[in-house]
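Going by the numbering used here, the final residue of the sequence shown carries number 309, and the count climbs one at a time with no gaps. We put the beta carbon where it would ideally sit given N, CA and C, even for glycine. Heads up: the structure comes next, in structure tokens.
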Amino acid sequence: MQIYQQTIEREITFSGIGLHTGKKVNVRIVPAPVNTGIIFVRNDIPSLPEIKVSPENTTQLFYATNLEKDGVIVKTVEHLLAALSAFGIDNLYIYIDSEEVPILDGSSAPYIYLFENAGIRKQNRKRKYLKLKEHVEVKHEDKYITAKPSDVLSIKNTISFNHTYKKVRYQTIEYVHSLKNFEKLLSKARTFCFVEEVEWLKSKGLARGGSLDNAIVIDKYDILNPTGLRMENEFVAHKTLDLVGDLYILGHPLLADIEAYKTGHALNAAFVRKIYEEKLYEVVEFEEENEKERSLTLNPDALENLQAE
Numbered sequence: 001m002q003i004y005q006q007t008i009e010r011e012i013t014f015s016g017i018g019l020h021t022g023k024k025v026n027v028r029i030v031p032a033p034v035n036t037g038i039i040f041v042r043n044d045i046p047s048l049p050e051i052k053v054s055p056e057n058t059t060q061l062f063y064a065t066n067l068e069k070d071g072v073i074v075k076t077v078e079h080l081l082a083a084l085s086a087f088g089i090d091n092l093y094i095y096i097d098s099e100e101v102p103i104l105d106g107s108s109a110p111y112i113y114l115f116e117n118a119g120i121r122k123q124n125r126k127r128k129y130l131k132l133k134e135h136v137e138v139k140h141e142d143k144y145i146t147a148k149p150s151d152v153l154s155i156k157n158t159i160s161f162n163h164t165y166k167k168v169r170y171q172t173i174e175y176v177h178s179l180k181n182f183e184k185l186l187s188k189a190r191t192f193c194f195v196e197e198v199e200w201l202k203s204k205g206l207a208r209g210g211s212l213d214n215a216i217v218i219d220k221y222d223i224l225n226p227t228g229l230r231m232e233n234e235f236v237a238h239k240t241l242d243l244v245g246d247l248y249i250l251g252h253p254l255l256a257d258i259e260a261y262k263t264g265h266a267l268n269a270a271f272v273r274k275i276y277e278e279k280l281y282e283v284v285e286f287e288e289e290n291e292k293e294r295s296l297t298l299n300p301d302a303l304e305n306l307q308a309e
């Protein structure tokens, strides 16, 4: 278990197209001091407004996870946040010159390359974890997320679509969160949609940057992507990737044993907000790994500081 906070060793720059806006976007990610958190900075706006990753700043949870503060928005943050969660990166400034994070290839795989090349820097302050205090459940129609306390983040996720394409009718995955597992099981899984949704999405001003290069498109019986799937369970793997990213909206890693069915960004956000607003967690830190027995310790001061952030 990661003991100390982390940031990146060197700056990262990349560019791409926004999935929903279709606009070209330039991103610069720079290291940040301890206890900064993950902060997006809109550097296309002269005042350089900042939006901290927090449940208080989530908005417009419609086919993406978006952040907004004082009328300034950053869209489609989930794939980047999933990778930050996997690498255990706590503190960053992310400068972005448009309102949407680039979709890249529709997965988190490009971020694996970027963060590995930038290097990860351990910082001199203990990392805070949010450990569930009790059972938590959110439901909408037949969709649900339930969770119970744990010393790790584990997820059993199931998707089920009433569709003629067999591979999306039912898929399930069991996942224990770590960089190794994320890279192997989730990172390459791409976002997906049904061909009948595409024109409707575009009529709503969405998916303007979508293509077979950054999304899986499903027709009545198969997928349209000539390169096929990257893995047989790519659909549920991507939904799990999204969930990992959405959980990191909490601002600190969650420790919970989660079971989820037919998740989406709105349901994920409802789960995160319930935990955050009802304070259904303890703030904990881990002791040094070289001690005979690694222990999980409650830090009341950390809880007070977290609520003050």
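Q: Please report how far the alpha carbon of Gln2 lies from the alpha carbon of Ile89, in whole angstroms.
A: Spanning the alpha carbons of Gln2 and Ile89 requires a straight line of approximately 10 angstroms.
(Q) Short of 6 angstroms in beta carbon distance, which residues of its chain neighbour Ser295, apart from the five on each side in sequence? Order them along the chain. (A) With a pLDDT of 45 at Ser295, under the threshold of 50, the predicted position of this residue should be treated as unreliable, though the coordinate-derived value follows. Once the five neighbours on either side are set aside, the close Cβ partners of Ser295 are Glu287.
Q.
Measuring only the C-alpha atoms, how far is Asn57 from Phe161?
A. Each residue's Cα considered, the two are about 30 angstroms apart.
**Q.** Span separating the alpha-carbon of Thr85 from that of Gly245
**A.** Checking the displayed sequence, the identity of residue 85 turns out to be Ser instead of Thr. So the two alpha carbons sit approximately 7 angstroms from each other.
Q. Is Ile159 near Val236, with beta carbons less than 8 angstroms apart?
A. Yes, these two residues count as a Cβ contact at 8 angstroms.
Q: Kindly list the residues whose CB is nearer than 6 angstroms to the CB of Pro253, restricted to its own chain and excluding five residues on each side of it in sequence; keep chain order.
A: Answer for Pro253: Tyr129, listed in chain order.
Q. Do the segment 46-53 and the segment 101-116 touch if we need at least three Cβ pairs shorter than 8 angstroms?
A. Taking a contact to require three or more Cβ pairs closer than 8 angstroms, the segment 46-53 and the segment 101-116 do not qualify as touching.
Q: Could you tell me which of Leu132, Lys204 and Ile249 sits nearest to Ala266, measuring between CA atoms?
A: For Ala266, the nearest C-alpha among the options comes from Ile249.
Q: With Tyr261 as the anchor, note down where its alpha helix (DSSP H) starts and where it stops.
A: Not the alpha helix (DSSP H): Tyr261 falls in the beta strand (DSSP E), residues Leu254 to Tyr261.
Q. Apart from the five residues on each side of it in sequence, which residues of its chain come closer than 7 angstroms, Cβ to Cβ, to Val176?
A. The beta carbon of Val176 is closer than 7 angstroms to those of Val152 and Ser154 in its chain, skipping five residues each way along the sequence.
Q) Can you name the start and end residues of the beta strand (DSSP E) that Pro31 belongs to? A) It spans Lys24 to Pro31 - the beta strand (DSSP E) in which Pro31 sits, taken as one unbroken run.
Q) Roughly how many whole angstroms lie between the Cα atoms of Glu11 and Lys166? A) About 43 angstroms.
Q | Straight-line Cα distance separating Ala147 from Lys131 | A | If you draw a straight line from the Cα of Lys131 to the Cα of Ala147, it comes to about 11 angstroms.
Q) Assuming Ile8 and Gly119 make a contact with CB atoms under 8 angstroms, what is their CB distance in whole Å? A) The beta carbons of Ile8 and Gly119 sit about 7 angstroms from each other, so the pair counts as a contact at 8 angstroms.
Q. Do three or more CB pairs link the segment 28-45 to the segment 218-238 at distances below 8 angstroms?
A. The segment 28-45, when compared against the segment 218-238, does not touch it at the 8 angstroms Cβ threshold.
Q) Can you tell which of Tyr221, Leu81, Asp70 and Leu247 has the C-alpha that lies nearest to the C-alpha of Val195? A) Comparing Cα-Cα distances from Val195 to each of Tyr221, Leu81, Asp70 and Leu247, the minimum goes to Tyr221.
(Q) Going residue by residue through the segment 178-259, where are the continuous beta strand (DSSP E) segments of at least 3 residues, counting only ones entirely within it? (A) Considered as a whole, the segment 178-259 harbours 192-194 and 216-218 as its complete beta strand (DSSP E) runs of no fewer than 3 residues, in chain order.
Q.
Applying the 10 Å Cβ sphere with the 16-neighbour rule, what's the burial state of Leu48?
A. Leu48 is exposed by the Cβ-count criterion.
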